[in-house]
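Written out below as structure tokens is the structure these notes cover.
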Amino acid sequence: MGRRLRSGARIALWAHEGHSNTVIARELGVSVQTVCLWRKRIARQGVQGIRESERSG
Numbered sequence: 000m001g002r003r004l005r006s007g008a009r010i011a012l013w014a015h016e017g018h019s020n021t022v023i024a025r026e027l028g029v030s031v032q033t034v035c036l037w038r039k040r041i042a043r044q045g046v047q048g049i050r051e052s053e054r055s056g
């Protein structure tokens, strides 16, 4: 599992658990902007959006 895939999966899990973007970013060591981008992708594409990120990068 690639790093981007792991990051997306962790963000999805933390978001599903109800954590704020700020908390997710701080705990995972990424920017709030990164969390927002992942959450938008997941909202549009579902779990498939996480998998697709591995192919596009």
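Under numbering that gives the first Met the number 0, think of the first position of the sequence shown as 0, with each following residue one higher. C-beta: ideal position from N, C-alpha, C; glycine also.
Selection from 25, 26, 3 and 7 that minimises the alpha carbon distance to residue 39: 7
Distance, residue 51 Cα to residue 12 Cα: Within the model, the alpha-carbon separation for residue 12 versus residue 51 is close to 17 Å.
Straight-line gap, residue 1 to residue 42 (C-alpha atoms, nearest Å): 21 Å
Three-way DSSP call (helix, strand, coil) for residue 18 in this model: coil
CA-to-CA distance, residue 19 to residue 37, given in whole angstroms: 13 Å
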